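Peer 1: Residue numbers (this note's numbering): -15 to 95. Before I ask anything, here is the structure I am working with.
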């Protein structure tokens, strides 16, 4: 069976959704971002051991990772393992929070 390639996206909050060159504003504090994602079944796995310097949240078909130790998050990385499960949820997250996703390979922006 062929191994599926993981897709890497970056979740951002554009200052002006019509003009991606206007830059980004913060997504929120880590607590705010975790709370927003928890509404979409995206949470830490509950393990006591954390990866050094990185928080990992698990959602349906994807993980969300961000660097710990920051007061506000400007972006989070989304690693998509199963696009069929992940895409509807990620699209809803973006619509609800006015966030966008950018593909790290193509630069294309979604959401």
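Idealized CB from N, CA, C, for every residue including glycine. From a predicted model like this one, the values you see are computed outputs, not experimental measurements.
May I have the straight-line CA-CA distance separating residue 44 from residue 6, to the nearest angstrom?
Peer 2: Approximately 31 Å between the Cα atoms of the pair.
Peer 1: Could you tell me the alpha carbon to alpha carbon distance between residue 42 and residue -7, rounded to whole angstroms?
Peer 2: Distance between the alpha carbons of residue 42 and residue -7 is about 15 Å.
Peer 1: Measure from the alpha carbon of residue 48 to the alpha carbon of each residue in -1, 20, -2, then state which is nearest.
Peer 2: With distances taken between Cα atoms, residue 48 lies closest to 20.
Peer 1: When you compare the CB positions of residue 2 and residue 57, do they come within less than 8 Å of one another, or not?
Peer 2: It is not a contact, given that the beta carbons lie outside the stated cut-off.
Peer 1: With burial defined as no fewer than 16 other Cβ atoms inside 10 Å of the residue's Cβ, what is the status of residue 92: buried or exposed?
Peer 2: That one is exposed.
Peer 1: Is it true that the CB of residue 82 sits closer than 8 Å to the CB of residue -3?
Peer 2: In contact: residue -3 and residue 82 (Cβ atoms closer than 8 Å).
Peer 1: State the beta-bridge partners of residue 8 as determined by DSSP.
Peer 2: In the DSSP output, where bridge partners are listed per residue, residue 8 has -2.
Peer 1: Looking at the unbroken alpha helix (DSSP H) that takes in residue 16, where does it start and where does it end?
Peer 2: Note, residue 16: alpha helix (DSSP H), 14 to 22.
Peer 1: Return the first residue and the last residue of the beta strand (DSSP E) that residue 41 is part of.
Peer 2: Counting along the chain, the beta strand (DSSP E) containing residue 41 begins and ends at 38 to 43.
Peer 1: Compute the Euclidean distance between the alpha carbons of residue -5 and residue 53, then round it to the nearest angstrom.
Peer 2: Using only the alpha carbons, I get a separation of about 18 Å.
Peer 1: Could you check whether residue 46 and residue 60 sit closer than 8 Å to each other, using their CB atoms as the reference points?
Peer 2: In this structure, residue 46 does not lie closer than 8 Å to residue 60 by Cβ.
Peer 1: Report, in whole angstroms, the separation of the C-beta atoms of residue 28 and residue 50, which I expect to be a contact under 8 Å.
Peer 2: Not really, about 11 Å apart at Cβ, beyond 8 Å.
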